[in-house]
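> Before we start, here is the structure in question, set down as structure tokens.
Numbering (my numbering), first residue to last: -8 to 264.
What follows is the structure, given as structure tokens:
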């Protein structure tokens, strides 16, 4: 039985749950029905990410949600209620967007790979969350959109993540039309890696995470950091990052063990931390 820790216990199960299953940690949004990213939810999610960031026993993180909506994005009712503030709500709006941006930056900076598990709708900041994860697996009935333009509010912050996951023109299509795309289109665009039938989602994600977790934890951490660091750099600078990462990687215990195991025709025994 996995250990379960809840954050921000405004409700019995907590707005965000964290479960450990060996080297894999599952973080679950639990704010039904839409799993809206309210201030409280983002605080709880940030806390959960901080916990796993400092846990060397965690090799892979799965980000999932309860219910039929992965996340509908920001809590528009919460935001609209602040229009009566003296500044019209601007300070609160900026705080909300900054908190979301910080969540995405935490995911990028997290030492462990993060796999999004999507079953249902991921819209606006929810789509941003998917695009920010390192990998994503969704059900064949999942849908995605950045619909802000439909309500006069361009999805500028989701744009940052979506344009880094999808081709620029495909990202711009989503942003300018506000139309919903299906799972197959999301895969074509680059937002998700794999599509599976709903009844097999958890099984496939668990197996996927286990395969990654079986690799060297030192190599995973070095590799993710290098991937994120070189992305978007000019070619020569990207190679500078990669050369340094490879040289550093060659010096760690797992590289010595892995190469020795390969040459000795045996299975490697990775360091646990």
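Yeah, the Cβ is synthetic: ideal placement off N, Cα and C, and Gly gets one too.
On a predicted model such as this, the values are computed, not experimentally measured, just so you know.
1. Helix, strand or coil for residue 166, going by three-state DSSP, please let me know.
2. Can you find the residues in the same chain that come closer than 7 Å, C-beta to C-beta, to residue 206, ignoring five residues on each side of it along the sequence?
3. On the DSSP bridge list, what partners appear for residue 173?
4. The alpha helix (DSSP H) spanning residue 272 covers which residue range?
5. Tell me the rounded alpha-carbon separation between residue 259 and residue 246.
6. Tell me which residues share the same chain as residue 171 and place their Cβ nearer than 6 Å to its Cβ, disregarding the 5 neighbours each side in the sequence.
7. Any idea what DSSP makes of residue 85, helix, strand or coil?
8. Between residue 181 and residue 157, which are expected to be in contact by the criterion C-beta below 8 Å, what is the C-beta distance as a whole number of angstroms?
9. Find the nearest neighbour of residue 106 within the set 100, 52, 116, 257, judged by alpha-carbon distance.
10. With distances taken between CB atoms, is the gap from residue 155 to residue 122 smaller than 8 Å?
11. Might you give, ordered along the chain, the residues of its own chain that have their beta carbon closer than 7 Å to the beta carbon of residue 239, omitting 5 neighbours on each side?
In this structure, then:
1. Reduced to three states, the DSSP call for residue 166 is helix.
2. Taken in chain order, the list of residues that qualify is empty.
3. 134
4. Summary: the structure shown does not reach residue 272, with the chain confined to residues -8 through 264, and so no result is reported for it.
5. 10 Å
6. 134, 136
7. helix
8. 5 Å
9. 52
10. By the CB criterion at 8 Å, residue 155 and residue 122 fall inside the cutoff.
11. Closer than 7 Å at the Cβ level, and outside the excluded window around residue 239, lie 213.
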